[in-house]
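**Student:** Take 265 as the starting number for the sequence shown in our numbering and just add one per residue.
Even for Gly, the Cβ is constructed at its ideal location relative to N, Cα and C.
Got a structure here, written out as structure tokens. Questions coming.
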Amino acid sequence: MTTNQTSHAAYRPDIDGLRAFAVLSVVVFHAFPSLLPGGFVGVDVFFVISGFLISGIMFKALQAGTFSFSDFYARRVNRIFPALILVLSATFGFAWFVLFNDELKQLGNHLSRAAAFLSNFILWHESGYFDNAAETKPLLHLWSLAIEEQFYIVWPLMVWALWRLKAWRLQIISALAVASFAWNIYQSQHDLTHDFYSPLTRFWELLCGALLAYRMSDSHAWRPSFDEAWLRTNNLRPWVGAALLLAAVGFIDATQKFPGGWVLLPVLGAALLISGDGQHWVNRVVLSQPQVVWIGTISYPLYLWHWPVFSFVRIVEGGTPSAWARLVALFVSVVLAWLTFRCVEKPIRFTWRFRYKTWVLTCAMLCVGLMGYLAHKADGYPRRSVMENQQIFNQGDIGHDVFHQYFQDHFFPCAEDAIQQDSGHWKGVVRCFQSHKNSPVTLVLLGDSHAEHLFLGLAEKLPHVNVGFYVKGTLPFLSKKEFDLIFDKVLKSKDIKQVVISAMWANRMNEVQPGSSLAIELSQTIKALQESGKQVYLSDDIPQFEFDPQRCKFQRPLTQSTKCDEPIHGYKEKRNKYGADLAQVYLDNEALKKIELSSLMCNDTSCSMARNGQVLYRDNNHLNIPGSQFVGAQIVAQHPSLGKFGAHKSQ
């Protein structure tokens, strides 16, 4: 996220116009994602702009012999900190009166990391089986600011060193950009979360801007033939850049492997638009319109404000806000951005002249970080009045600690050492269990955490059977390398007689390889299991809710209402993403057993996370202990054949 750091360089209104395009793309995507499915690429446009402007300032200062590390970092503090301190403080203040204690605890953790510009790492760590809905994380968007500031921790040192080399500057910068891009491509095929949040897979985007700045600061660094081609394409480049940006926001969406190769569209588009002198028709007429430029000047505070506002509206309403509510949130965000620019950013940047301004801002940011750290350590201050509202449902476990502790207290880590070592962990608890210690597993669950949460209920309902689960954070396909060890064990085992396959199908459709389908991959996997002598059961999925079970058990003070159910159309929309594939698999395989979970939580009009006064979920999409026990009992009632093989001999 780039601020208006255009001092020390000729002001180009078209770059503020490009900022406006970037921030509006992001904001509209967050408010109305179906209108602009690729709007999130605005962040990548910001990276290019930032790399261009700030690297250009450094190059000019180094050429003039006036570059100073202390001046550079002081300018970053003076531009980044004022608005950020205000937004972080206001977010925490509002959260104090709205969030439940576990939500405030998480926000405190995010706040402390945001103050240290480490948001991308905490979000990277949290993204997985038990990640809360992104929409309920008010500081989610600060991952991009963190990556940008991490870049500017190391980049000035590298530029300073490059300037002393004199030769090979262009080649080294280019090599760094190519290496970062190559790492991005590699990770897009192996770990999308890593690819999205890692600074190493994003630095090349800022380096593209830096290469442009270097081209303009030292045209002699380029081959004469390149300069000639550059001049010949002066009129073409902005048109191509504009087309690439429009294609990016229109055709990229969240189902694609992003960033990966798709990110070339917004990055090259932004670079081509910046590459001229700002006098092309697109730059001069479209991007330099006064109204567009005005939005660009408030783009930084608008980016900071919009997501906390949207997130709190969603939290308070307990689901997707109405279109009118989102429009109001958008208007409020613009007003807050303008007020922040006029009343905070400009006065502090241009009016405050005292000697210790940078130190005051740094100390204020440290205080904000400490505030978040204390909230996290205090478990969200559970004595706040927000947690003293009437409890309306029987006590159940919410959050994941109790659920996994129950596994540790009542079951046994899986006996296969290789699989156990390869499995994930939850706060030190292995993610691979079996219900009996000294007998072979005969019934195994395969999938992700939506297979894991069925284990407890099935194990307790089938006490004579050794039930186990082997899970990974991806789809349970033979073609997935993450499952290589697991399928090698299951297919070769003579003891395992039955396999239950379950996963969070709707959220993992983008993990299916291009050219294949969920139906094809599942059919191949199930066929291999059946040919090895296994009886296979395929499950659909439980409903995912747009609110947390806290909202079901307690009242939020701003609404004084509870919410345990939602209209069934939301579940149907998610189920439509995978329903046809599962139906095809059932149709093509008569021996396959069908487990239906949807009817357990839904009627004709709505789905509920509670039953008979008992909450059945521990977050918005995972069963808790009573939920697993209830669902497990229903599955066994549906399928008396489950567990008919292999009673255990000993504990």
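With three or more C-beta pairs closer than 8 Å as the rule, is the segment 326 to 338 touching the segment 525 to 534?
**Tutor:** no
**Student:** Following the continuous beta strand (DSSP E) through residue 808, name the residue where it begins and the one where it ends.
**Tutor:** Stepping through the sequence shown from its first residue, residue 808 is reached at position 544. Neither: residue 808 is in no beta strand (DSSP E) and is coded neither H nor E.
**Student:** Starting from residue 383, trace the alpha helix (DSSP H) in both directions and tell me its first and last residue.
**Tutor:** For the purposes of this step, residue 383 is identified with residue 119 of the sequence shown, where counting begins at 1. Residue 383 -> alpha helix (DSSP H) spans 383 to 390.
**Student:** Whole angstroms is fine: what's the gap from residue 860's alpha carbon to residue 725's?
**Tutor:** In the sequence shown, counting from the first residue as 1, residue 860 sits at position 596. In the sequence shown, counting from the first residue as 1, residue 725 sits at position 461. Between residue 860 and residue 725, the C-alpha separation is close to 17 Å.
**Student:** Starting from residue 764, follow its DSSP beta bridges and name the residues at the other end.
**Tutor:** Counting from one through the sequence shown, the residue named residue 764 turns up at place 500. Bridge partners of residue 764: 709, 801.
**Student:** Compute the Euclidean distance between the alpha carbons of residue 640 and residue 795, then round it to the nearest angstrom.
**Tutor:** Within the sequence shown, residue 640 is the residue found at index 376, counting from 1. Within the sequence shown, residue 795 is the residue found at index 531, counting from 1. About 51 Å.
**Student:** How big is the Cα-Cα spacing for residue 433 and residue 478?
**Tutor:** As a working mapping, residue 433 is identified with position 169 in the sequence shown. As a working mapping, residue 478 is identified with position 214 in the sequence shown. Put simply, the backbone Cα of residue 433 is about 9 Å away from that of residue 478.
**Student:** Where do the N-terminal and C-terminal ends of the beta strand (DSSP E) with residue 859 fall, by residue?
**Tutor:** Taking the sequence shown and counting its residues from 1, the one referred to as residue 859 is at position 595. Run containing residue 859: 857 to 859, per the beta strand (DSSP E) assignment.
**Student:** Count Cβ pairs between the segment 692 to 704 and the segment 660 to 679 that sit closer than 8 Å; are there 3 or more?
**Tutor:** Below 8 Å, enough C-beta pairs join the segment 692 to 704 and the segment 660 to 679 to call them touching: three or more.
**Student:** Skipping 5 residues on each side, what residues in its chain have a beta carbon closer than 7 Å to that of residue 387?
**Tutor:** Taking the first residue of the sequence shown as 1, we reach residue 387 at position 123. The residues are 404, 407, 461.
**Student:** Report yes or no: do the segment 281 to 300 and the segment 561 to 569 share at least 3 C-beta pairs separated by less than 8 Å?
**Tutor:** When C-beta atoms of the segment 281 to 300 are compared with those of the segment 561 to 569, three or more pairs fall below 8 Å, so the two segments count as touching.
**Student:** According to DSSP, simplified to helix, strand and coil, what is residue 300?
**Tutor:** For the purposes of this step, residue 300 is taken as the residue at position 36 of the sequence shown. The answer is coil: DSSP assigns residue 300 none of H, G, I, E or B.
**Student:** Does the structure place the segment 367 to 385 close enough to the segment 546 to 565 that three or more beta carbon pairs sit under 8 Å?
**Tutor:** no
**Student:** For residue 732, list the residues DSSP reports as bridge partners.
**Tutor:** Position 468 of the sequence shown, counted from the start, is the residue given in the question as residue 732. DSSP, once it has assigned bridges, lists 698, 708 as partnering residue 732.
**Student:** Which residue wins for smallest C-alpha separation from residue 944, given the options 864, 530, 863, 847?
**Tutor:** With the chain covering only 265 through 915, there is no way to say anything about residue 944.
**Student:** Using DSSP's beta-bridge definition, name the partner residues of residue 875.
**Tutor:** Your numbering for residue 875 matches position 611 in the sequence shown. Bridge partners of residue 875: 878.
**Student:** Count the other C-beta atoms from every protein chain shown that fall within 10 angstroms of the C-beta of residue 317, then say buried if there are 16 or more, exposed otherwise.
**Tutor:** For the purposes of this step, residue 317 is taken as the residue at position 53 of the sequence shown. Around the CB of residue 317, 16 or more other CB atoms lie within 10 Å, so the residue is classed as buried.
**Student:** Under three-state DSSP, which class holds residue 277?
**Tutor:** Here the question's residue 277 lines up with position 13 in the sequence shown. Residue 277 falls in the helix class under three-state DSSP.
**Student:** Quick one: measure Cβ to Cβ for residue 372 and residue 637, integer angstroms, because I've assumed they're closer than 8 Å.
**Tutor:** Within the sequence shown, the letter at position 108 stands for residue 372. Within the sequence shown, the letter at position 373 stands for residue 637. Confirmed, Cβ separation roughly 7 Å.
**Student:** Taking contact to mean 3 or more Cβ pairs, one atom from each stretch, closer than 8 Å, check whether the segment 801 to 813 and the segment 880 to 890 are in contact.
**Tutor:** yes
**Student:** When DSSP labels each residue in this structure, what does residue 541 get in the three-state scheme?
**Tutor:** Translated into positions along the sequence shown, residue 541 becomes position 277. Residue 541: coil per DSSP, three-state reduction.
**Student:** Can you grab the Cα-Cα spacing for the pair residue 653 / residue 633, in whole Å?
**Tutor:** As a first step, residue 653 is located in the sequence shown; it is residue number 389 there, counting from the start. As a first step, residue 633 is located in the sequence shown; it is residue number 369 there, counting from the start. With a pLDDT of only 35 at residue 653, under 50, the local geometry of the prediction cannot be trusted, and the value read off the model is given with reservation. Taking C-alpha positions only, residue 653 is separated from residue 633 by approximately 29 Å.
**Student:** Measuring only the C-alpha atoms, how far is residue 793 from residue 727?
**Tutor:** Mapped onto the sequence shown, residue 793 falls at position 529. Mapped onto the sequence shown, residue 727 falls at position 463. Spanning the two alpha carbons is a distance of roughly 24 Å.
**Student:** Given a cut-off of 9 Å, decide if residue 770 and residue 875 are closer than it, judged by their beta-carbon atoms.
**Tutor:** Position 611 of the sequence shown, counting from 1, holds the residue named residue 875. Position 506 of the sequence shown, counting from 1, holds the residue named residue 770. It is not a contact, given that the beta carbons lie outside the stated cut-off.
**Student:** Which same chain residues end up closer than 6 Å to residue 605 when comparing Cβ atoms and leaving out the 5 residues on each side of it in sequence?
**Tutor:** What you label residue 605 is simply residue 341 of the sequence shown in a count that begins at 1. Correct list, in chain order: 562, 565.
**Student:** Return the residue from the list 781, 756, 803, 428 that minimises the CA-CA distance to residue 902.
**Tutor:** For the purposes of this step, residue 902 is identified with residue 638 of the sequence shown, where counting begins at 1. Relative to the Cα of residue 902, the nearest Cα in the group 781, 756, 803, 428 belongs to 803.
**Student:** Pairs of beta-carbons, one from the segment 749 to 768 and one from the segment 707 to 717, closer than 8 Å: are there three or more?
**Tutor:** yes
**Student:** List the whole-angstrom C-beta distance separating residue 597 from residue 401, where the pair is believed to meet the contact cut-off of C-beta under 8 Å.
**Tutor:** Position 333 of the sequence shown, counting from 1, holds the residue named residue 597. Position 137 of the sequence shown, counting from 1, holds the residue named residue 401. So it is not a contact: roughly 17 Å between Cβ atoms.
**Student:** Between which two residues does the alpha helix (DSSP H) containing residue 256 stretch?
**Tutor:** The structure shown does not extend to residue 256, since the chain is modelled only from 265 through 915, so no value can be given for it.
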